[in-house]
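full-length UniProt numbering numbers the first residue of the sequence shown as 1 and each following residue consecutively. Each remark here refers to the structure printed beneath this line.
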Amino acid sequence: MASAGSSPEPLHVVIVPWLAFGHMLPYLELAERLASRGHRVSYVSTPRNLARLPPLRPAAAPRVDLVALPLPRVDGLPDGAESTNDVPDHQRELHWKAFDGLAAPFAEFMAAACAGEATRPHWVIADCFHHWVAAAAVEHKVPCAMLQPTAAVIAAAYQPPPEHAGPGAATRPRYETEETAPMYDDQGASGMSTVQRWYLTKNRCALAVIRSCVEWEPESFPLVPELLGMPVVPLGLLPPSTGGGRRADATNGSAEHATVRWLDAQRPGSVVYVALGSEVPLPLEQVQELALGLELAGTRFLWALRKPSGAAVLDDGADMLPPDFQERTRGQGLVTTGWVPQMSILAHAAVGGFLTHCGRNSLIEGLLFGHPLVMLPIFGDQGPNARQMEAKKAGLQVARDESDGSFDRHGIASAVRDVMVDGEARRRFVAGAAKMQEVVANSERQERYIDEFVQHLRSHCRYSVNNKGKFCV
């Protein structure tokens, strides 16, 4: 314990993110920012996931311990399928079962860490599905904080279904509501629904932390403590370094990448960058509608195309696209199916807009550079994120069929033109994106959120923890 007048004792924090790179990467940023302040972090995942993370920044590396827990083998799950990106849709339940098998090795890790005061964690930070992480923390009387999705997602989850909403109430589209229904069902082999996992984790945690801030979502962030019934602390947005830093962009020769060389030949602000993430690819017929919509819009595009769900395709992706599409658009756009240096692309002067699925990482990265958005949410938190950004006039959603969420080429073309073609609409979206850029790019304020988060952790260290994970004097 630090003596009066001395520097506070560094914290030891255990961070356990969900097995998706959209979770692992930002919480590795959190680990590094804590480490840069002198704290020790144990960052827990599986061996192959840890091996695929970008290298730690030299200043943080000595204080970040990468803890590898072996993912148990499950019949039917391919070897090496450790992240959600490795697992096809029909094997998700097997991945959940393997994930639950991490409970025993994590319990062993916690027992060893808590065996001596020098290694005992001050806090465990668990992602929102990790009920067994929270249980192990409670067993060892270590306070546990729960990583939550955005405030917009939490607020949307507490909305009534469309048929019960009052007049004028904001509701989720019917197709989005139907897509979330499986979250309440048992995940087959795992025997537990996503919502059950969330509630079990929440009930064992003393604090909720959100990768967000009131400036990002002022309309919903203040509602969250009451909705959750627990204290909520913002982490800020954890934006990546615009200079590349330790990220993969800096280690893969991004300046020489074919996409960047192509952008070098384009006019400033003329290209819409198209990237819809890797977790939930579009069906083949929707990929083709997207392609035809880009062609119809007539603007220049750079498309990082992922393999559609349920499709066997060639490496160059040609058979995913409409016949002769690449020949017809050769002077208009570039389609690539491999790795792309997304941060370098978004930073390029030729890019003037971002067609995105509205995953949180992509939104933060796109708005870090002030790009107006063409929004095509697909799953999970993406719909609430898109509605939030549309309300801020940072971009425009593609028109969708209310019953099934499908879109057509005309909806794509219309949204792309509105956002990309100079005129009143584009100027409005550019101005809205610039306001959001002021939030994301305010590094001083974002770093202050980390400092305030550490203060919250310290303020609770003087309390003990009861058998439900709650604080008591």
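The beta-carbon is built from N, C-alpha and C at its ideal position, and this holds for glycine as well. Since this is a predicted model, take the numbers as computed values, not measurements.
Sub-9 Å separation of residue i and residue j beta-carbons
i: M389; j: L363; result: yes
i: F354; j: V272; result: yes
i: I210; j: L147; result: yes
i: A35; j: A60; result: yes
i: A126; j: C205; result: yes
i: M110; j: A137; result: yes
i: G298; j: R426; result: no
i: V287; j: H130; result: no
i: H357; j: P372; result: no
i: R409; j: E289; result: yes
Inter-residue spacing [alpha-carbon to alpha-carbon] between residue i and residue j
i: residue 474; j: N85; result: Look at the range of the chain in this structure, 1 to 473, and you will see that residue 474 is not part of it.
i: A68; j: R92; result: 21 Å
i: V340; j: H257; result: 8 Å
i: G370; j: G432; result: 9 Å
i: V44; j: L396; result: 38 Å
i: A386; j: A112; result: 43 Å
i: P58; j: G269; result: 35 Å
i: A152; j: L235; result: 15 Å
i: E402; j: M375; result: 16 Å
i: E215; j: L237; result: 10 Å
i: G245; j: R33; result: For G245, the predicted model reports a pLDDT of 44, less than 50, meaning its position is unreliable and no value from the coordinates is stated.
i: K141; j: P55; result: 32 Å
i: L207; j: R37; result: 21 Å
i: L227; j: S193; result: 21 Å
i: M420; j: L321; result: 23 Å
i: R40; j: R48; result: 23 Å
i: V195; j: Y158; result: 13 Å
i: K97; j: T46; result: 14 Å
i: D324; j: E279; result: 28 Å
i: D451; j: E444; result: 11 Å
i: M436; j: R63; result: 33 Å
i: E29; j: R328; result: 42 Å
i: P143; j: T150; result: 22 Å
i: G411; j: E285; result: 15 Å
i: C128; j: I154; result: 12 Å
i: L102; j: T201; result: 15 Å
Close Cβ partners of residue i (< 7 Å) along its chain, the five nearest in sequence each way excluded
i: Q266; result: R300, A350
i: L94; result: V74, G76, L77, A189
i: G359; result: G22, G277, Q382
i: R428; result: K393
i: Q446; result: G236, L237, P239
i: A291; result: L321, P322, F325
Buried versus exposed, by CB contacts within 10 Å (16 or more), residue i
i: D100; result: buried
i: E219; result: exposed
i: A394; result: buried
i: Y27; result: buried
i: S212; result: buried
i: A115; result: exposed
i: residue 475; result: This structure cannot speak to residue 475, because the chain is shown only from 1 to 473.
i: S83; result: buried
i: A135; result: buried
i: P119; result: As written in the sequence, residue 119 is Thr, which differs from the Pro given in the question. Label assigned to T119: exposed.
i: A391; result: exposed
i: V104; result: The amino acid at residue 104 is misidentified as Val; the sequence shows Ala. By the 10 Å Cβ count, A104 comes out exposed.
i: P222; result: exposed
i: G166; result: Here G166 scores only 49 on pLDDT, less than 50, and its place in the model is too uncertain to base an answer on.
i: P173; result: buried
i: R197; result: buried
i: G331; result: exposed
6 Å Cβ shell around residue i - same chain, five flanking residues per side excluded
i: E176; result: G383
i: L14; result: As written in the sequence, residue 14 is Val, which differs from the Leu given in the question. Contacts found: S42, P121, V124.
i: H456; result: V233
i: V439; result: E215, W216
i: L66; result: Y43, L50
i: R448; result: none
i: M230; result: A208
i: L296; result: R409, A413
i: G191; result: none
i: F407; result: V398, R400
i: H348; result: L263
Cβ neighbours of residue i in the same chain (closer than 8 Å, five flanking residues each side left out)
i: R262; result: According to the sequence displayed, residue 262 carries Trp and not Arg. Contacts found: L302, L334.
i: D79; result: R73
i: E365; result: P239, P240, Q342, M343, L346
i: M24; result: P17, W18, S45, N49, L53, S83
i: N361; result: G22, L25, P26
C-beta neighbour in chain D for residue i, strict 9 Å
i: A115; result: Looking for chain D here will not work: only one protein chain is present.
key: Ordered list of beta strand (DSSP E) runs contained in the segment 52-101, each at least 3 residues   = 64-68
query = In chain order, which alpha helix (DSSP H) runs of at least 4 residues are fully inside the segment 328-364?
reply = You should have 342-347.
ask   = Which runs of the beta strand (DSSP E) spanning at least 3 residues fall entirely within the segment 384-465, listed in chain order?
value = 395-397
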